[in-house]
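Shown next, in structure tokens, is the structure this report addresses.
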Amino acid sequence: MSSNTNQPLTTSWGAPVGDNQNSMTAGSRGPTLIQDVHLLEKLAHFNRERVPERVVHAKGAGAHGYFEVTNDLSKYTKAAFLSEAGKRTPMFIRFSTVAGELGSADTVRDPRGFAVKFYTEEGNYDLVGNNTPVFFIRDAIKFPDFIHTQKRHPQTHLKNPNAVWDFWSLSPESLHQVTILMSDRGIPATLRHMHGFGSHTFKWVNAGGEAVWVKYHFKTEQGIQNLDVDLAAKLAGENPDYHTEELFNAIAGGDFPSWKLCVQIMPLQDADTYRFDPFDVTKVWSQKDYPLIEVGRMVLDRNPENYFAEVEQATFSPGSFVPGIEASPDKMLQGRLFAYSDAHRYRVGANHNALPINRPKADVNNYQRDGQMRFDGNGGGSVYYEPNSYGGPSQAPEHKTSAYPVSGTADSVAYDHHDHYTQPGDLYRLMNEDERARLVRNIVAAMKPVERDEIKLRQIGHFYKADPEYGRRVAEGLGLPVPQDGE
Ligand code: HEM
């Protein structure tokens, strides 16, 4: 803890405090006086110390670092921070679990959030991904229901495996992510020993206006390491902040974790003919079809000075793009473009982007004014509307997002690709016998408490369709009948 060099204690309005140990009372045994404004202010401020925790990804740890380009990919994107090898951009990352509350244990089985903020010269670019390349669902309209199943039961306030497996078994698109989650990778050894993924498909646009589809992969340079389930359970009880502590201590000790950033690039027209919809976030693109191309390296080399100011108040939005990087029609991503800034306005406030941790290093010039907690100059007396005749900031047409032709009938439609089984089956078949045995053991342990056999049988049917051996082993582990082909 750093000391404050014996400065006099002051109130929040800067006046010296005469007594910070004894409240002012009417006589030594009398009631407390309302005129003790220092006491009133202290208690009132304390009551307001918490902002609402994130509705998901509440428990997290953050670190500062830099991103350095190692491979010039300016033929694909005009993003200035990626423009030449050797270029460095400061960044901040927040890792998180998904379902638990702010004080929950780190070593639980859950995807890990992997949210990166690049402070580029053209504004902040946020890549708000996970340590998994896919997600449980592929349409934003299912997200609140999905998260309800991950959170607590409204009556018992307990986690509810029944809801979890009911939802998953009725949403077979989740099978790929469920298989990853239940595998060894479901509990990383530390936050440093896992990959990160942008998960969605994004669009890159170059200076000539030509576009490609892109997926991001952060490859850990520490190597993948996972936790044994028994050790994870022990740690969850003994040191619920294990991952948070491990990351902080590694960085404090000069052991700076790093990741190589690679991308997969898909030509725009391939999206029309690829064997599945490349915007479906429950699928990975084959690396044989679209090999990894190195972009750069991310290094975390500085701990936050203050957890609340930097980690809790950090706001990441999948919609914070910079020129050269744009959205794709991924139905999940489209929903996220709305959800995050809306959460930030509620959780941190309308001016959350002006806080030091979120403030771009680039100049911010616009006509937004006022709002709660406007603590910068609020534009002073400068022109506050547009168009104007006073030389105020104006749009730069060269930065318009790329045009994208669309056609069709406005309707609520599902992705027209229903093979939820090939990719999870391939993943199962990639595992060696020990990995398969642990996967099945984890699934059986997680499904055992499910009350209804109907739910278990439905889910076993999905495992079976991915690979008959996968389904058979889970069924046997649960003491339930093995499905037959065609069931
Ligand atoms: C956090 C919504 C899907 C990764 C959040 C938050 C919301 C949210 C409201 C809290 C934001 C805050 O309070 O600052 C949604 C919705 C989704 C969705 C509506 C689907 C439509 C995903 C997916 C990923 C993801 C697919 C990863 C690929 C994250 C991460 C955070 C987060 C990493 C924590 C960010 C941080 O560290 O501050 N999400 N989410 N989410 N979400 Fe999602």
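Numbering-wise, numbering that gives the first Met the number 0 puts 72 at position 73 of the sequence shown, and it's gapless, one number per residue.
Idealized CB from N, CA, C, for every residue including glycine.
Spatial neighbours of H199 in its chain, beta-carbon cut-off 7 Å, leaving aside the 5 residues before and after | Residue 199 sits at position 200 when you count from the first residue of the sequence shown. So the qualifying residues of the chain are V280, S327, D329, M331, L332.
Exposure label - W12; buried when at least 16 CB within 10 Å | Taking the sequence shown and counting its residues from 1, one reaches residue 12 at position 13. Classification of W12: exposed, given that the 10 Å Cβ count is below 16.
Is any heavy atom in the ligand HEM found nearer than 6 Å to the beta carbon of S340?
-> Along the sequence shown, one-based indexing puts residue 340 at 341. Answer for S340: no, Cβ out of range of the ligand HEM.
N-terminal and C-terminal residue of the alpha helix (DSSP H) that F166 is part of | Counting from 1 along the sequence shown, the entry for residue 166 is found at position 167. Run containing F166: 160-169, per the alpha helix (DSSP H) assignment.
Looking at C-beta atoms only, is the number of pairs between the stretch 67-86 and the stretch 94-101 that lie closer than 8 Å three or more?
-> no
Put F113 into one of helix, strand or coil per three-state DSSP.
-> Locating residue 113 in the sequence shown gives position 114, where the first residue counts as 1. DSSP places F113 in strand when its eight states are reduced to three.
Cβ contact (3+ pairs, closer than 8 Å) linking the stretch 153-172 and the stretch 449-459 | Counting Cβ pairs under 8 Å, three or more are found: they touch.
Is DSSP giving I292 helix, strand or coil here?
-> In the sequence shown, the residue the question calls residue 292 occupies position 293. Secondary structure of I292 (DSSP, three-state): strand.
Is the Cβ-Cβ distance between E309 and I250 less than 7 Å?
-> Translated into the one-based positions of the sequence shown, residue 309 becomes position 310. Translated into the one-based positions of the sequence shown, residue 250 becomes position 251. Contact: no.
With hydrogens ignored, establish whether the beta-carbon of H56 is closer than 6 Å to any heavy atom of the ligand HEM.
-> Mapped onto the sequence shown, residue 56 falls at position 57. Yes; taking the cut-off as 6 Å, the Cβ of H56 has a heavy atom of the ligand HEM nearer than that.
If you draw a straight line from the C-alpha of G26 to the C-alpha of Y306, how long is it?
-> Translated into the one-based positions of the sequence shown, residue 26 becomes position 27. Translated into the one-based positions of the sequence shown, residue 306 becomes position 307. So the two alpha carbons sit approximately 41 Å from each other.
Under 6 Å from any heavy atom of the ligand HEM, does the C-beta of N129 make it?
-> Start at 1 with the first residue of the sequence shown, and residue 129 comes out as number 130. Because some heavy atom of the ligand HEM lies under 6 Å away, the Cβ of N129 counts as near it: yes.
May I ask you to check if the CB of A409 is nearer than 6 Å to at least one heavy atom of the ligand HEM?
-> Here residue 409 is taken as the residue at index 410 of the sequence shown, counted from 1. Outside the cutoff, so no.
Under the three-state DSSP convention, the category Y306 falls into = Here residue 306 corresponds to residue number 307 of the sequence shown, with the count starting at 1. Here Y306 sits in helix by DSSP.
Kindly indicate the opening and closing residues of the alpha helix (DSSP H) around Q263.
-> Here the question's residue 263 lines up with position 264 in the sequence shown. It is not in any alpha helix (DSSP H) - Q263 instead sits in the beta strand (DSSP E) that spans 257-266.
Check: R358 C-beta below 6 Å from any heavy atom of the ligand HEM = Taking the sequence shown and counting its residues from 1, the one referred to as residue 358 is at position 359. Outside the cutoff, so no.
Determine the DSSP secondary structure at V443, reduced to helix, strand or coil.
-> The residue labelled residue 443 in the question sits at position 444 within the sequence shown. V443 falls in the helix class under three-state DSSP.
Cα-Cα, which of D300, M23, V55 is closest to Q34?
-> Reading the sequence shown from its first residue, position 35 is the one you call residue 34. Looking at the Cα atoms, M23 is the closest of the given residues.
With contact counted as at least three CB pairs below 8 Å, one residue from each stretch, are the stretch 171-191 and the stretch 203-212 in contact?
-> no
Between the CA atoms of A409 and A342 - distance to the nearest angstrom | Counting from 1 along the sequence shown, the entry for residue 342 is found at position 343. Counting from 1 along the sequence shown, the entry for residue 409 is found at position 410. Using only the alpha carbons, I get a separation of about 27 Å.
Could you tell me if the beta carbon of R335 falls within a distance shorter than 6 Å of some heavy atom in the ligand HEM?
-> The sequence position of residue 335 within the sequence shown is 336, counting from 1. Checking every heavy atom of the ligand HEM against the Cβ of R335, one is found closer than 6 Å.
With DSSP as the reference, please indicate the residues paired to E325 in a beta bridge.
-> On the sequence shown, residue 325 is found 326 positions in, with the first residue counted as 1. Note: E325 sits in a beta bridge opposite K202.
Among T243, V298, L126, R301, the one whose alpha carbon lies nearest that of V321 = For the purposes of this step, residue 321 is taken as residue 322 along the sequence shown, with counting starting at 1. Of the listed residues, the one whose Cα sits closest to V321 is L126.
Would DSSP call N357 helix, strand or coil?
-> Mapped onto the sequence shown, residue 357 falls at position 358. In this structure, N357 counts as coil in the three-state DSSP scheme.
Starting from the C-beta of F278, find all residues in its chain whose C-beta is less than 6 Å away, skip the five residues before and the five after it, and write them out in chain order.
-> Position 279 of the sequence shown, counted from the first residue, corresponds to residue 278. Within the same chain, F278 has close Cβ partners T200, S327, P328, D329.
Those residues which DSSP pairs with V213 across a bridge | Locating residue 213 in the sequence shown gives position 214, counting from the first residue. Partner(s): F201, I264.
Given 8 Å, three or more beta-carbon pairs between the stretch 221-241 and the stretch 149-164 | no
May I have the straight-line CA-CA distance separating G478 from N46, to the nearest angstrom?
-> Counting from 1 along the sequence shown, the entry for residue 478 is found at position 479. Counting from 1 along the sequence shown, the entry for residue 46 is found at position 47. One C-alpha to the other measures close to 52 Å.
Counting pairs of Cβ atoms below 8 Å between the stretch 234-254 and the stretch 281-298, do you hit three or more?
-> no
Proximity winner among L72, R53, Q20, T76, relative to E100 (alpha-carbon distances) = If you number the sequence shown from 1, residue 100 lands on position 101. The candidate whose alpha carbon is nearest that of E100 is R53.
Can you name the residues that DSSP bridges to S316?
-> By one-based count along the sequence shown, residue 316 stands at place 317. DSSP output for S316 lists no bridge partner at all.
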